[in-house]
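Participant: One structure, pasted below without further comment.
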Amino acid sequence: MSTRQPRFNQQVLLDTTPLPDSVPRVTEVGASSAPLLSASFFIGSRCGAYNDDYMKCKEDAHGRGEIDCMKEGRKVTRCAASV
């Protein structure tokens with residue numbers, strides 16, 4: 000067995016690039032897929048307008064609106080966390 004230490008830590012991946020100031024700060028939902036899937040009906044019914052705005056922004060940007068649609072994405076996350 001080799002005693003060489005690994006070069007990359009695949010356990011913790013952090014992106015230290017700060018978001019632009021125009022993007023509102025929001026805490027992530029912090030749930031795995033199982034609770035999100037079980038709550039998806041309630042999240043969808045309560046946050047449908049925000050989801051529609053986000054999907055419309057992505058559609059209008061033709062798949063290149065990552066930064067442009069981040070505000071709408073944050074609104075979706077904030078709404079989902081409130082459910």
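All the letters of the sequence shown, read from the start, carry residue numbers 0 to 82 under numbering that gives the first Met the number 0.
Built from N, CA and C at the ideal position, the CB exists for glycine as well.
1) Alpha helix (DSSP H) containing Ala48: first to last residue?
2) Where does Ile66 sit, in a helix, a strand or coil, going by DSSP?
3) For Ala30, which of helix, strand or coil comes out of DSSP?
4) What's the call for Ala30, buried or exposed, on a 16-neighbour Cβ count within 10 Å?
5) Return the chain-ordered list of same chain residues with a C-beta closer than 7 Å to the C-beta of Thr76, the five sequence neighbours on each side being excluded.
6) Less than 9 Å between the C-beta atoms of Ile66 and Pro23, yes or no?
7) Tell me the rounded alpha-carbon separation between Gly47 and Gln4.
Facilitator: Per the coordinate set shown:
1) Taking the sequence shown and counting its residues from 1, the one referred to as residue 48 is at position 49. Note, Ala48: alpha helix (DSSP H), 47 to 59.
2) Reading the sequence shown from its first residue, position 67 is the one you call residue 66. Correct three-state label for Ile66: coil.
3) On the sequence shown, residue 30 is found 31 positions in, with the first residue counted as 1. Of the three classes helix, strand and coil, the one that applies to Ala30 here is coil, per DSSP.
4) Here residue 30 corresponds to residue number 31 of the sequence shown, with the count starting at 1. Looking at its Cβ environment, which holds fewer than 16 other Cβ atoms inside 10 Å, Ala30 is exposed.
5) Walking along the sequence shown from the start, residue 76 turns up at place 77. Cβ within range, chain order: Val25, Glu27, Val28.
6) Counted from its first residue, the sequence shown places residue 66 at position 67. Counted from its first residue, the sequence shown places residue 23 at position 24. Cβ distance not < 9 Å, so Ile66 and Pro23 don't count as in contact.
7) Looking up residue 47 in the sequence shown gives position 48. Looking up residue 4 in the sequence shown gives position 5. Between Gly47 and Gln4, the C-alpha separation is close to 48 Å.
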